[in-house]
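A short write-up of the structure that comes next.
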DNA sequence: CTTATTGTACTATAACTATAGTACAATATG
DNA sequence: CATATTGTACTATAGTTATAGTACAATAAG
């Protein structure tokens, strides 16, 4: 098979208040966005990730299942879990609108907290260089 | 009294998975860290904030109580709730964490929709150049 | 003093999150 | 084929989070 093992590591922030299964989901999504994970890459096995993060296997299962439902990955019993092909069914206009919406929300939230767009961009670039740092 | 009403607005993200009481706490801390709130400023009343955010008063009470235990604000029965510190001891770290959290959510959302971090940055730059967009 | 407003305290209940443990099904490997 | 590895399914339990509702206490305003 032409799959590689995932090249990034999960990191949990147990003080953030964000549910663990949610953090896993966000990190996979983020890794795809930043190019750390791409089609065919294999994620850690359910049991292995549970051990690595010192969490219950059921929690990993929940995260993987939601990602699978979202179409971002595929699971194959006996084989593993892999990043699936991205289906961008929406038209270009719709995609543009989606991106604008995401950015708009992000700016609004950052603005409410007293951050500028420049600070946002700077942090994005930093994360882009050193991707899965989540505290 | 020399107190002002709070000059910022709370913002809940119900999709983030972060507990509501936690979001309130984080936003007050962030507002202090960024200078939006400082000594003497009055926060919304328990009941008012509950109405504004469409949440239960008990949830506001919980957030305010934890902030009071942390020494960031004082509550006076019959009067209201007021910021009691000039600034945070670790304001810088607090802000950094908050920005990282916002960016992380944003990237995750982008990744789920099939966008890359680069596209995100590009769109942010565009908005940054032409900030006032009519809808 | 009377009233309204503010924070506080309490019980009860439902939903969500995470854990523990067991068993099973599909696939890869030898 | 036998075995190990993978994901899956299920039950049970505990802790957290949020809601609803009621009542009380301290202060401000008239």
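Chains as they are written, first to last, in the working numbering: chain A, 731 to 865; chain B, 731 to 865. Note that beta-carbon positions come from the ideal geometry of N, C-alpha and C, so glycine has one too. Predicted model, so just to flag it, every value in this text is computed and none were measured.
Query                                                                                                                           : Result
Backbone secondary structure at residue 837 of chain A - three-state DSSP                                                       : helix
Within chain B, the residues that residue 772 of chain A reaches when beta carbons sit closer than 7 Å                          : Within 7 Å Cβ-Cβ: nothing; residue 772 of chain A doesn't reach chain B, min ~18 Å.
Residue-chain proximity (residue 719 of chain B, chain A), Cβ-Cβ < 8 Å                                                          : Past the edges of chain B, shown from 731 to 865, lies residue 719 of chain B, and the structure says nothing about it.
Other residues of its chain near residue 832 of chain B: CB distance less than 7 Å, five sequence neighbours each side excluded : none
Residue from B:789, B:813, B:836 and B:796 with nearest C-alpha to residue 803 of chain B                                       : B:813
Beta carbon proximity, residue 853 of chain A to chain B, threshold 8 Å                                                         : yes
Whole alpha helix (DSSP H) elements within the stretch 754-806 of chain B, 4-residue minimum                                    : 776-783 and 787-799
Three-state secondary structure assigned by DSSP to residue 732 of chain A                                                      : Residue placement at residue 732 of chain A cannot be trusted, given a pLDDT of 47 that sits under 50; what the coordinates show is reported in the next sentence. Coil, per DSSP.
Secondary structure of residue 821 of chain B, DSSP reduced to three states                                                     : helix
Assigned exposure category for residue 809 of chain A - 16 Cβ within 10 Å defines buried                                        : exposed
Continuous alpha helix (DSSP H) stretch holding residue 859 of chain B: start and end                                           : 847-859
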